[in-house]
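J.: Numbering (our numbering), first residue to last: 1443 to 1897.
(1) From residue 1866 to residue 1858, what distance separates their C-alpha atoms?
(2) How about residue 1620 and residue 1626: do their beta carbons lie closer than 8 Å?
(3) From residue 1614 to residue 1639, what does the alpha carbon distance come to, in whole angstroms?
(4) Evaluate residue 1403 with the Cβ neighbour count: other Cβ atoms within 10 Å of its Cβ, from every protein chain shown; 16 or more gives buried, anything less gives exposed.
(5) Round the Cβ separation of residue 1624 and residue 1487 to the nearest angstrom and send it over; I've been treating them as touching at under 8 Å.
(6) Got a sec, what are the start and stop residues for the beta strand (DSSP E) residue 1690 sits in?
(7) Going by DSSP, name the residue or residues bridged to residue 1881.
(8) Do residue 1514 and residue 1482 come within 8 Å of each other at the CB atom, strictly closer than that value?
(9) In the DSSP assignment, what residue or residues form a beta bridge with residue 1735?
(10) Using 8 Å as the cut-off, can you tell me whether the region 1700-1716 makes contact with the region 1676-1690, which would need three or more C-beta pairs spanning the two stretches below that distance?
(11) Excluding five sequence neighbours on each side, which residues of the same chain lie with their C-beta closer than 6 Å to the C-beta of residue 1568?
(12) Secondary structure at residue 1542, three-state DSSP: helix, strand or coil?
(13) Would you check if the distance between the CB atom of residue 1736 and the CB atom of residue 1617 is smaller than 8 Å?
(14) Below 8 Å between beta carbons: does that hold for residue 1872 and residue 1882?
(15) Tell me the DSSP bridge mates of residue 1559?
(16) Work out the CA separation of residue 1472 and residue 1723 for me, nearest whole Å.
(17) Among the residues of its own chain, which have a CB less than 8 Å from the CB of residue 1839, if the five just before and after it don't count?
(18) What are the start and end residues of each continuous beta strand (DSSP E) run of 3 or more residues lying completely inside the region 1447-1531, in chain order?
(19) Just list the residues that DSSP pairs residue 1807 with in beta bridges.
(20) Measuring alpha carbon to alpha carbon, tell me which residue in 1650, 1506, 1732 is nearest residue 1581.
(21) Take the Cβ of residue 1843 as the centre, count every other Cβ of all protein chains shown within 10 Å, and call the residue buried at 16 or more, exposed below.
(22) In angstroms with no decimal places, state the Cα-to-Cα distance between residue 1445 and residue 1609.
(23) Assign residue 1564 to one of two classes, buried (16 or more other C-beta atoms within 10 Å of its C-beta) or exposed (fewer than that).
(24) So who's on the other strand from residue 1792, going by DSSP bridges?
(25) In this structure, does DSSP put residue 1851 in helix, strand or coil?
(26) How would you call residue 1590, buried or exposed, if buried means at least 16 neighbouring beta carbons within 10 angstroms?
(27) Please classify residue 1448 as buried or exposed, where buried requires at least 16 other C-beta atoms within 10 Å of its C-beta.
(28) Is it buried or exposed, residue 1827, if we count other Cβ atoms within 10 angstroms and call 16 or more buried?
(29) Determine the direct distance from the alpha carbon of residue 1760 to that of residue 1886, and round the result to whole angstroms.
(30) Leaving out five residues on either side along the sequence, give the residues of the same chain with a beta carbon under 6 Å from the beta carbon of residue 1875.
(31) Work out the CA separation of residue 1547 and residue 1443 for me, nearest whole Å.
(32) Which same chain residues end up closer than 7 Å to residue 1669 when comparing Cβ atoms and leaving out the 5 residues on each side of it in sequence?
(33) In three-state terms, what does DSSP make of residue 1670?
(34) Alpha carbon to alpha carbon, how far is residue 1776 from residue 1752?
(35) Which residue marks the beginning of the alpha helix (DSSP H) containing residue 1661, and which one marks its end?
(36) Just reading off the alpha helix (DSSP H) that residue 1752 is part of, what are its end residues?
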């Protein structure tokens, strides 16, 4: 246990029972690892791995720690490194949420983003990439959570005893996910001593190879998944599956739906992997014929995924949320005005307001709407540039002074060919039905529509 007042807060996280979800005949408890100071269960292993390296003389004052991480281990390491005065360099796959990346950089970590669509053995695979950087960096220490014995030790000597005490030495099943396998292996070691009858249940994203390995002892090529932090395309070296009695494959949509339901019904703001774990735990509980006491983890906070699983636009873009289909061009509008999703402006607003809105929403053009739904113009970055033209006082001008009023609108019943011609002629695709603005179709919207059909 560290004597640092911040690091001393790691562990002893609260345990609550879920009472508003259908858990069948079972009692389902969740351990709120999101209450750790770095916001996730990975704070535990970050502290144990760094302190083990210190005891073993592998870390000198001011040294550089290097690691490959899907996010939360990096955040835990960044917190501990900041408190102890180490530099930190992290290699992360490009599917990591922006919130995690911003958090890491704010903590002073150097973040190197690499591809998430390559497998182990490829030079840009995040673990191989990090190992190579460590070899090329004088005095660096590659902490290597996937092979570091201090990783499962954190759960064997910390998380496990906490669970056992909080549940009054009465637990029938533990539902876990596997990334580096530290949680599974550490808890398995503890419960083999405390109560060998405790079942372990694997929650695995669809696309990961781990459920296949548990069920058959072999696996094929991995797929892809959007959930962060769990699931693998190989068998982690430390993984001990001997106590795993059952595995559930949970798709991205079910994981995210469960996380959102967890917030709406239970008030627990959880991340994407927590959605996978709770979904698997619910399946297990509902399949039982007699009461059992089941526990799983809220691995991290949903605050780290506000731009993803709690963002309606992102869910639509990823095909994880589906709007009512009309069978016409309306289906290509991902930000529907009638559903309050389109970012617009009014003709009497200032150019300064419009520019700020474009930056805030990361868009380059805005429809100008008067009344409830009448499109009277469109303004883009080029219009702003021409209006301001090195005269900052022009930011006070109203939008009507700079907007384009030469609009070419489309009806929902127009063809895709007409939509393509609109793009080819350099126009914005504005969809209007009986004088009411429905939304814009961007070229990216059409590409994404075709991509989802291909999947």
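Just so you know, even glycine gets a beta-carbon here, dropped at the ideal spot from N, CA and C.
T.: Quick answer:
(1) In this structure, the alpha-carbon of residue 1866 lies about 12 Å from that of residue 1858.
(2) Contact: yes.
(3) Straight-line Cα distance between these residues: approximately 7 Å.
(4) Here the chain comprises residues numbered 1443 to 1897, so residue 1403 is not present and cannot be evaluated.
(5) That pair is a contact at about 6 Å.
(6) Where residue 1690 is concerned, the enclosing beta strand (DSSP E) stretches over 1686-1692.
(7) Answer is 1873, bridged to residue 1881.
(8) Against a cut-off of 8 Å, the Cβ pair of residue 1514 and residue 1482 comes out as a contact.
(9) Bridge partners of residue 1735 according to DSSP: 1469.
(10) With a cut-off of 8 Å, the region 1676-1690 and the region 1700-1716 do not count as touching, because too few Cβ pairs lie within range.
(11) Counting only residues of its own chain and dropping the five nearest sequence neighbours on each side, residue 1568 has a CB closer than 6 Å to the CB of 1510, 1533, 1535, 1556.
(12) The answer is helix: DSSP assigns residue 1542 an H, G or I state.
(13) By the CB criterion at 8 Å, residue 1736 and residue 1617 fall inside the cutoff.
(14) Between residue 1872 and residue 1882, the gap from beta carbon to beta carbon is short of 8 Å.
(15) Residue pairing by DSSP leaves residue 1559 without any beta bridge partner.
(16) Going by the C-alpha atoms only, they are around 10 Å apart.
(17) Result list for residue 1839: 1792, 1793, 1829, in chain order.
(18) Fully enclosed beta strand (DSSP E) runs of no fewer than 3 residues occupy 1457-1460, 1469-1474, 1506-1510 of the region 1447-1531, in order along the chain.
(19) Residue 1807 is bridged to 1822.
(20) For the residues 1650, 1506, 1732, the minimum Cα distance to residue 1581 belongs to 1506.
(21) Counting Cβ neighbours within 10 Å, residue 1843 comes out exposed, since fewer than 16 surround it.
(22) In a straight line, the C-alpha of residue 1445 is about 27 Å away from that of residue 1609.
(23) The residue in question, residue 1564, is exposed, as its Cβ has fewer than 16 Cβ neighbours within 10 Å.
(24) Its beta-bridge partners are 1840.
(25) Secondary structure of residue 1851 (DSSP, three-state): strand.
(26) Residue 1590 sits buried, since 16 or more C-beta atoms from the chains shown fall within 10 Å of its C-beta.
(27) Counting the other CB atoms within 10 Å of its CB gives residue 1448 a total below 16, which places it among the exposed residues.
(28) Flag for residue 1827 reads exposed.
(29) A direct Cα-Cα distance of roughly 12 Å separates residue 1886 from residue 1760.
(30) Result list for residue 1875: 1854, in chain order.
(31) Its pLDDT being 43, under 50, residue 1443 is placed unreliably by the model, and the measurement read from it follows with that caveat. Separation of residue 1443 and residue 1547 (C-alpha to C-alpha, rounded to the nearest whole angstrom) is 26 Å.
(32) If we look at residue 1669 and ignore the five residues flanking it on each side, its Cβ neighbours are 1647, 1694, 1697, 1714, 1715, 1718.
(33) Secondary structure at residue 1670: coil, using DSSP grouped into helix, strand and coil.
(34) Rounded to whole angstroms, the gap between the alpha carbons of residue 1776 and residue 1752 is 16 Å.
(35) Neither: residue 1661 is in no alpha helix (DSSP H) and is coded neither H nor E.
(36) Here residue 1752 belongs to no alpha helix (DSSP H), and DSSP marks it neither H nor E.
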